Each structure stands twice: as structure tokens, then as C-alpha cells.
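A.B. asks: So the sequence shown is numbered by this note's numbering: it starts at 7 and just counts up by one.
Built from N, CA and C at the ideal position, the CB exists for glycine as well.
Everything numeric in this text was worked out from a predicted model, so none of it was measured.
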Amino acid sequence: MVAAYFSVQFDNKVVGAFRECTGLGSESTTVEYRATDEKGRPVLIREAGTMKYNDIVLKRGITDDMDMWTWRQQVEEGKMDEARRSGTITLHNQSGQPIAAWTFERAWPSKLNGPTYDAKSNEVAIEELTITHEGYKRVPVGG
């Protein structure tokens, strides 16, 4: 039986299936400032500051597909306007049915690692793609 997997889509085209996806998260810095309450007592106010989105890391067994490498090459050549993309990550269950989805904005490949080869091992060679982006959100499946 096939395990659950993640698919990645740009411009309504699925560009890859991945066995692992991490980094779908965000955090806000905390901004603190002093104020006084209605009785004149000092209080510390804590509010949300700058939003920071985690890098998304995708892993898959190596294939003959060159899309990730071509995309990374755009960054290496300084073609950032071409490299920035918005897309969707979809989690599929063991039957291949989509069960969750996230969209991300203005993404670019900040890191791409090829596989490490060990001729004595029977393990699948894994490549890893790190995507830096400017925002993501959970969306309804198919939306």
C-alpha cells in the first residue's frame, strides 16, 4: 500500500510528489511597551509584531524530473522575478485522495540538496528542497 504523500502545484500543474513536508508554520515577534492603566499604575503591554513564516522543506526519492533543479538555477543566476512563484501543497491519504491543502505566496527555492549515495545501502536516494516564502494559509481541499 502507498503511504500518504504531499503534492506540489504551480500554475495549476502538479510539479512533484513528496514523501515529507515540514515547516508549514508561522510565528509573530512580541513587541512590549510600557503604559499606564486607568488608575495610573504601570503596566506592560504585549502585542504581535512582525510575522515570520517558516521555510517549507520537501523531501522525495530522486527522479529524472529536473523542474526543481531548473527552478533553483533561476535563483543561482539572479533571476528572482522569474523564480518567485505561488503554489499549493496538498496532503493525500493512502488512497490518493486529497485531505488537506495549503497555499503559499512569492516562494523561491533557497536550498536544494541532491542525494548522498552509498553503494552498500538499499535505501532510496532522497533529494531535499527548501522553499522560502512570504505567506501561507490553510485552504479547503480543491480550493
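Tell me whether GLU129 is buried or exposed, calling it buried when 16 or more other Cβ atoms sit within 10 Å of its Cβ.
C.D. replies: As a position in the sequence shown, residue 129 is number 123, starting the count at 1. So GLU129 counts as exposed.
A.B. asks: Spell out a yes or no on whether the region 93 to 108 and the region 8 to 16 are touching, meaning 3 or more CB-CB pairs, one atom from each, closer than 8 Å.
C.D. replies: Short answer: they touch.
A.B. asks: Residue range of the beta strand (DSSP E) that ARG78 falls in?
C.D. replies: The residue labelled residue 78 in the question sits at position 72 within the sequence shown. Looking at the DSSP string, ARG78 is not in any beta strand (DSSP E); the run it does join, the alpha helix (DSSP H), is 73 to 82.
A.B. asks: What are the uninterrupted segments assigned as beta strand (DSSP E) that are 3 or more residues long and contained completely in the region 89 to 131, given in chain order?
C.D. replies: You should have 91 to 98 and 104 to 119.
A.B. asks: Please classify GLU44 as buried or exposed, where buried requires at least 16 other C-beta atoms within 10 Å of its C-beta.
C.D. replies: If you number the sequence shown from 1, residue 44 lands on position 38. That one is exposed.
A.B. asks: Is VAL81 closer than 8 Å to GLY29 when the C-beta atoms are compared?
C.D. replies: In the sequence shown, residue 29 corresponds to position 23, counting from 1. In the sequence shown, residue 81 corresponds to position 75, counting from 1. In this structure, VAL81 does not lie closer than 8 Å to GLY29 by Cβ.
A.B. asks: Given a threshold of 16 other Cβ atoms within 10 Å of its Cβ, counted over all protein chains shown, does TYR39 qualify as buried or as exposed?
C.D. replies: The residue given as residue 39 occupies position 33 in the sequence shown. Result: exposed.
A.B. asks: Which value, in whole angstroms, describes the spacing of the CA atoms of TRP77 and PRO121?
C.D. replies: In the sequence shown, residue 77 corresponds to position 71, counting from 1. In the sequence shown, residue 121 corresponds to position 115, counting from 1. Computed Cα separation, rounded: 17 Å.
A.B. asks: Closer than 7 Å by C-beta to ALA41: which residues in its own chain qualify, once you throw out the five before and the five after it? Chain order, please.
C.D. replies: The residue labelled residue 41 in the question sits at position 35 within the sequence shown. Closer than 7 Å at the Cβ level, and outside the excluded window around ALA41, lie VAL49 and ILE51.
A.B. asks: Which residue's Cα is closest to the Cα of ILE137: ALA10, TYR59, LYS143 and GLY46?
C.D. replies: The residue given as residue 137 occupies position 131 in the sequence shown. Residue TYR59 is the option with its Cα nearest to ILE137.
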